[in-house]
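Chains as they are written, first to last, in our numbering: chain W, 1 to 439; chain B, 440 to 878.
For every residue, glycine included, the Cβ atom is placed at its ideal position computed from N, Cα and C.
Number of protein chains: 2
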Amino acid sequence: MRQKRFFLTEDQIPTRWYNIQADMRNKPMALKHPVTGKEMTAEDLFPIFCEECSRQEFNQTDAWIEIPAKVREMYTYYRSTPLVRAYGLEEALDTPAHIYFKNESVSPVGSHKLNSALAQAYYCKQEGVTNVTTETGAGQWGTALSYAAKLFGLEAAVYQVKISYEQKPYRRNMMQLFGAQVTPSPSMSTRAGKDILTAMPNHQGSLGTAISEAVELARTTPNCKYTLGSVMSHVSLHQTIIGLEAELQMQMAGEYPDEIIACFGGGSNFSGIAFPFMRHTLRDGRKTRYIAVEPASCPKLTKGKFMYDYGDEAGYTPLMPMYSLGHKFRPANIHAGGLRYHGAGVIVSQLIKDGYIEAMDMDQIEVFDACTLFARAEGIIPAPESGHAIAATIRRALECKEKGESKVLLFNLTGHGMVDMVAYNQYLSGNMINLPLPE
Amino acid sequence: MRQKRFFLTEDQIPTRWYNIQADMRNKPMALKHPVTGKEMTAEDLFPIFCEECSRQEFNQTDAWIEIPAKVREMYTYYRSTPLVRAYGLEEALDTPAHIYFKNESVSPVGSHKLNSALAQAYYCKQEGVTNVTTETGAGQWGTALSYAAKLFGLEAAVYQVKISYEQKPYRRNMMQLFGAQVTPSPSMSTRAGKDILTAMPNHQGSLGTAISEAVELARTTPNCKYTLGSVMSHVSLHQTIIGLEAELQMQMAGEYPDEIIACFGGGSNFSGIAFPFMRHTLRDGRKTRYIAVEPASCPKLTKGKFMYDYGDEAGYTPLMPMYSLGHKFRPANIHAGGLRYHGAGVIVSQLIKDGYIEAMDMDQIEVFDACTLFARAEGIIPAPESGHAIAATIRRALECKEKGESKVLLFNLTGHGMVDMVAYNQYLSGNMINLPLPE
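Printed below as a string of structure tokens:
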């Protein structure tokens with residue numbers, strides 16, 4: 001019988017993350033201090049991030065970083081995640097393409113976000129931190145951090161984008177179940193929140209406002225560190241476990257991907273699946289297409305500009321050299337909350353600039369068409385974020401059909417959509433619209 | 440590093456189901472015709488069920504039944520499911536017991552129900568059936584059947600208990616996403632539904648009313664067969680894939696369970712995990728405890744009587760020799776919708792009568808205490824149904840601690856609770872109560 005899913009045994013799971021910075025010819029440009037504008041070092045991040053993550057952020061020399069034993073142990077709670085041959089989808093499309101996906105939705109919290117949450121919580125604990133804080137939109141990252149914090153005995157405070165807090169109570173409940181305090185942002189509990197709410201009453205919140213509040217809490221609270229789920233280089237580093245596993249699993253399947261496709265918010269899952277394969281491109285010139293898929297209503301890669309910009313609304317974060325729509329940009333309220341962010345991580349931004357990565361944007365209805373087709377063919381209801389990668393994969397698979405090419409496509413299924421059924425309901429009842437790019 | 444999860448490769452997955460009826464000294468008593476009271480044969484079920492399932496229902500001779508190749512192929516979409524050593528839970532309880540669970544929540548539809556839905560849909564398709572129908576409470580079985588029907592190109596009509604249809608839209612949306620027609624029961628579309636609604640306006644529905652409607656639809660529609668997710672012996676047969684896999688996986692772990700624990704609604708998951716192990720008890724006298732856990736508000740095993748009773752409200756189904764609270768029993772509205780059923784399957788009922796199985800009942804708050812502890816220790820948010828097995832396992836593990844015994848406990852995690860967050864919210868906010876046994 002043909003093999004559908006490929007797993008690694010626990011002793012085959014990679015023990016090191018891959019740091020692509022070491023192999024980049026053009027290194028990412030420096031971060032700059034938000035107030036002084038001076039180039040920053042790891043030490044400058046210590047007031048906000050734990051020390052080990054700060055050092056990883058600036059590490060441009062070591063290609064391999066040891067995964068701590070305790071983090072590896074917690075990885076075995078859900079890893080290896082399966083690499084799946086999407087026979088069902090191939091048959092539904094009648095395509096000669098070979099479609100594979102890495103199924104990160106099987107993580108306890110339902111998405112790939114846990115890969116970095118475990119690492120960040122572990123390092124915080126090691127350094128004597130007692131409290132962690134973060135922001136979350138739809139709640140995938142917040143759920144992951146809440147669970148990781150509980151595992152390592154840390155108290156977690158999560159600022160959740162207010163509109164999501166109200167519209168998506170399930171994810172909020174999951175964070176609370178894991179013991180986290182969840183506050184809708186903007187709130188009156190921080191100076192940043194007060195400034196926003198007095199200037200703009202009834203502000204519905206954004207990742208930018210929530211980051212500002214969490215960073216402020218970390219800066220003003222002893223033993224409290226900020227964590228985040230995307231954008232930063234150390235997050236991309238932790239996520240490379242995805243691609244490193246996938247590389248071994250593709251070997252088990254006897255194939256190598258011609259194209260690697262992932263949705264794009266700040267870059268965490270894209271980096272995670274793409275970077276380990278990209279080392280063969282950087283080191284040996286191996287030709288592989290890397291495709292980042294973003295929502296048409298938040299197109300930082302296809303329509304943004306490369307610039308120094310803040311990561312948050314209030315301007316508390318370092319200035320980062322990245323593709324951005326501007327830190328005051330307010331994305332339309334699409335269901336893929338995890339992709340509603342104005343900027344891209346600095347490594348990905350440099351790699352796009354250097355021509356290694358292609359970007360593609362996707363409308364919401366095409367995404368849900370793809371999600372529905374995928375659910376019926378493979379049985380897994382995908383998160384709307386992941387739906388962007390699926391939609392792009394379907395486009396590519398249909399092009400293969402037209403040209404009679406049996407390309408090997410690999411995409412990352414970042415999470416499941418079990419707690420996004422409201423969105424599916426809207427789609428199924430014909431009430432979904434494509435949201436425009438805001439002015 | 441200690442091993443956390445045990446998987447089978449696809450070629451290690453069992454190729455046959457285990458039919459415990461062949462090994463029972465006292466065979467289950469005959470089903471009787473609901474109107475004539477005469478003993479029934481497989482042929483008498485043909486108007487309602489597909490033929491192969493009808494034959495399996497009455498098969499008391501063949502211990503092993505071949506799993507069709509196409510069903511085995513679809514099993515590889517999610518099987519083997521992991522056997523997990525619950526190190527996190529053991530540490531949280533500080534118990535010398537070794538706790539294992541079989542994680543059926545990783546199935547595409549989030550529960551073990553798919554194991555039988557795939558088989559039933561396959562046999563229907565083979566026999567030229569075009570339409571299938573069924574009932575569902577909380578929606579786990581309905582979701583499984585909807586997905587399986589879509590895979591095999593069958594049209595599915597699901598009658599969902601009205602109160603669940605209204606209170607739990609997520610599961611309804613999942614069924615609709617898989618292309619099923621979902622009708623709240625009781626409805627005005629069947630005679631049974633009309634009779635109920637004219638006699639009792641505003642009836643909120645029960646599994647009993649929904650079964651009546653689905654059975655009526657099958658009986659009155661050409662090429663339409665009824666399917667169901669529990670109680671019947673052929674369903675238990677299909678679910679033995681759980682225990683057969685677990686047996687091989689326990690061998691990989693180098694242990695054998697002293698106690699096997701599962702929640703109990705109609706018996707599908709309990710049978711699935713317990714029967715393969717129980718063959719060693721029946722054949723060789725191996726001493727193992729088998730513990731079925733039911734809600735205190737629906738205690739058919741601990742407080743019901745062994746009797747001939749109908750499976751549904753209207754009395755359309757065969758009369759079955761089973762432990763029952765009476766087919767007019769209306770269970771309180773606990774969150775574990777899958778356990779709100781008045782009767783137990785005929786095989787399990789006979790085995791309880793013969794002393795092979797112990798029953799235990801559990802209050803709702805102890806269940807959610809257990810679910811929360813488990814979620815924080817193992818990262819998986821369990822379905823409230825599964826929470827009954829977890830609560831019983833915790834009780835047993837704490838007894839082991841008291842006595843200093845390192846027993847090996849194995850329980851079945853039937854499903855995840857991602858779409859049951861409303862229940863968790865009620866629990867977390869202190870508004871949950873223990874529901875009494877209705878008069």
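Option in W:A296, W:G267 and W:I357 with minimal Cα separation from T281 (chain W): W:I357
8 Å CB neighbourhood of R728 (chain B) in its chain, flanking five on each side removed: Only D697, E698, I699 and E797 meet the Cβ criterion.
Identity of the residues DSSP links to C224 (chain W) by a beta bridge: W:N131
Cα-Cα separation, S107 (chain W) to D634 (chain B): S107 (chain W) and D634 (chain B): Cα-Cα distance of roughly 47 Å.
Extent of the continuous beta strand (DSSP E) to which G98 (chain W) belongs: The identity of residue 98 (chain W) in the sequence shown is His, whereas the question assumes Gly. Element bounds for H98 (chain W): H98 to N103.
T811 (chain B) - containing alpha helix (DSSP H), residue span: Q803 to E817
Delimiting residues of the beta strand (DSSP E) encompassing S406 (chain W): Per DSSP, S406 (chain W) belongs to no beta strand (DSSP E) and is neither H nor E.
Residues bridged to W64 (chain W) [DSSP beta-bridge criterion]: W:Y18
Proximity below 8 Å, CB of Q56 (chain W) to CB of A22 (chain W): no
G449 (chain W) versus W:T9, W:Y310, W:N269 and W:I390, residue with shortest Cα-Cα distance: The structure shown has nothing for residue 449 (chain W), since chain W only spans 1 to 439.
C-alpha distance - I844 (chain B) paired with V348 (chain W), whole-angstrom precision: For the sequence presented, residue 844 (chain B) should be read as Glu rather than Ile. The alpha-carbon atoms of E844 (chain B) and V348 (chain W) are separated by roughly 54 Å.
Amino acids of chain W, ordered along the chain, whose beta-carbon sits closer than 8 Å to that of V545 (chain B): V106
Cβ of Q690 (chain B) within 8 Å of any chain W Cβ: No, Q690 (chain B) does not count as interfacial toward chain W.
is_contact[Y604 (chain B), chain W] using C-beta, thresh 8 Å: Answer no: the Cβ-Cβ gap between Y604 (chain B) and chain W never drops below 8 Å.
Beta-carbon contacts of A274 (chain W) that lie in its chain and below 6 Å, excluding the five residues immediately before and after: Taken in chain order, the residues that qualify are I260 and Y290.
Inter-residue Cα distance where the pair is A336 (chain W) and M174 (chain W): 18 Å
Three or more C-beta pairs below 8 Å linking the segment 596 to 607 of chain B and the segment 567 to 584 of chain B: yes
Contact set between the segment 420 to 437 of chain W and chain B, restricted to residues whose Cβ is under 7 Å from the partner: M421, Y424, N425 and L428
Opening and closing residue of the beta strand (DSSP E) in which E259 (chain W) lies: Looking at the DSSP string, the run of the beta strand (DSSP E) that includes E259 (chain W) is E259 to C263.
Three-pair Cβ contact test at 8 Å for the segment 73 to 90 of chain W versus the segment 363 to 371 of chain W: no
Nearest-angstrom Cα separation, counted from C50 (chain W) out to E684 (chain B): 43 Å
C-beta atoms of S585 (chain B) and Y755 (chain B) nearer than 8 Å: S585 (chain B) places its beta carbon 8 Å or farther from that of Y755 (chain B).
Distance, L837 (chain B) Cα to K589 (chain B) Cα: Spanning the two alpha carbons is a distance of roughly 45 Å.
DSSP bridge partner residues for A156 (chain W) (one or two, in chain order): W:V132
Whole-angstrom C-beta distance between S233 (chain W) and G272 (chain W), which should lie under 8 Å: Not really, about 12 Å apart at Cβ, beyond 8 Å.
Through-space distance from M320 (chain W) to P331 (chain W), alpha-carbon basis: 20 Å
Counted within 10 angstroms of its Cβ, other Cβ atoms place R835 (chain B) as buried (16 or more) or exposed: Result: buried.
Test: N59 (chain W) CB closer than 8 Å to a CB of chain B: no
Host alpha helix (DSSP H) of V235 (chain W) (start-end): S233 to A253
Proximity winner among W:D354, W:G88, W:Y87 and W:H238, relative to N19 (chain W) (alpha-carbon distances): Measuring from the Cα of N19 (chain W), the nearest candidate turns out to be W:H238.
Local conformation of I291 (chain W) per DSSP, three classes: Reduced to three states, the DSSP call for I291 (chain W) is strand.
At least three beta-carbon pairs within less than 8 Å, the segment 8 to 16 of chain W to the segment 63 to 71 of chain W: yes
C-beta contact flag for G254 (chain W) and A144 (chain W) at 8 Å: no
Contact set between K113 (chain W) and chain B, taken where Cβ atoms lie within less than 9 Å: Residues of chain B passing the Cβ test: none, with the nearest at roughly 12 Å.
Contact list for Q615 (chain B) against chain W, beta-carbon separation under 7 Å: L428
Partner residues on chain B for F7 (chain W), Cβ-Cβ distance less than 7 Å: F446
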